[in-house]
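Input: a single structure, listed below in structure tokens.
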Amino acid sequence: RRETDRLIRDYLLSRIQPAYRDFKNAMKAIALSGDQTLATEYNEVQAIFDRVISKLKTMSYGYTGFFDLVKVEEQQLDKMIEFDWNLVSTAERIQEKARNVAKSDPGKLREALDDLKNELLSLEDTLISRENIIKGVGEK
5 RRETDRLIRD YLLSRIQPAY RDFKNAMKAI ALSGDQTLAT EYNEVQAIFD RVISKLKTMS
65 YGYTGFFDLV KVEEQQLDKM IEFDWNLVST AERIQEKARN VAKSDPGKLR EALDDLKNEL
125 LSLEDTLISR ENIIKGVGEK
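The opening residue of the sequence shown carries number 5 in my numbering; numbering runs sequentially from there.
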């Protein structure tokens, strides 16, 4: 189970990081548009992307070492794996939406950015919920 947990998160990163690169390809079009609000929106989405990637890189693996501060029980690990499998479809949607941003016409760029932003925020919320499961927050 613990190895599965790590493999799922590695897979998520393998989807999110290329999506981030696709997203960054839109920066030139945004800069050329001269639209400051669009540039601001782009920067907001980039910040969310950065947070999500950071969370994916640093979240607990479900591995419990002898000196770990947070001990992950098998039951919690099962919940985390279920969360992670659900995250796979979200990561794939993010990849698709990032491609849409990269290839959007200038008139549709704002809508594509909003779609990507909403998907990233949803992923971030799910990652926070996952973290809470590990810590036992909200469990009775």
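Virtual Cβ for every residue (Gly too), placed ideally from N, Cα, C.
Because the structure is a prediction, the values reported are computed rather than measured.
Is there contact here, the region 24-44 with the region 105-114, by at least three beta-carbon pairs under 8 Å?
-> yes
Alpha carbon to alpha carbon, what distance is there between Q50 and D118?
-> Here residue 118 refers to the residue found at position 114 of the sequence shown. Here residue 50 refers to the residue found at position 46 of the sequence shown. Their Cα atoms are separated by approximately 12 Å.
At least one CB of chain D closer than 9 Å to the CB of L124: is that the case?
-> The structure shown has no chain D; it contains just one protein chain.
Sequence-distant residues of the same chain with beta carbon closer than 6 Å to K59, five excluded per side = Walking along the sequence shown from the start, residue 59 turns up at place 55. So the qualifying residues of the chain are L131.
For N29, the nearest candidate out of S133, K139, S126, V105 (CA to CA) = Within the sequence shown, numbered from 1, the residue matching residue 29 stands at position 25. Comparing Cα-Cα distances from N29 to each of S133, K139, S126, V105, the minimum goes to V105.
Answer with buried or exposed for L11, where buried requires no fewer than 16 other C-beta atoms within 10 angstroms of its C-beta.
-> The count along the sequence shown starts at 1 and reaches residue 11 at position 7. Under this definition L11 is an exposed residue.
Cα-Cα separation, L124 to F53 | Residue numbering aside, residue 124 sits at position 120 when the sequence shown is read from its first letter. Residue numbering aside, residue 53 sits at position 49 when the sequence shown is read from its first letter. So the two alpha carbons sit approximately 7 Å from each other.
C-alpha distance - S126 paired with I20, whole-angstrom precision = As a position in the sequence shown, residue 126 is number 122, starting the count at 1. As a position in the sequence shown, residue 20 is number 16, starting the count at 1. Roughly 14 Å separates the two Cα atoms.
Contact belief for R103 with D26 at Cβ below 8 Å, rounded distance in angstroms = Position 99 of the sequence shown holds residue 103. Position 22 of the sequence shown holds residue 26. At roughly 5 Å, the Cβ-Cβ gap stays under 8 Å, so R103 and D26 are in contact.
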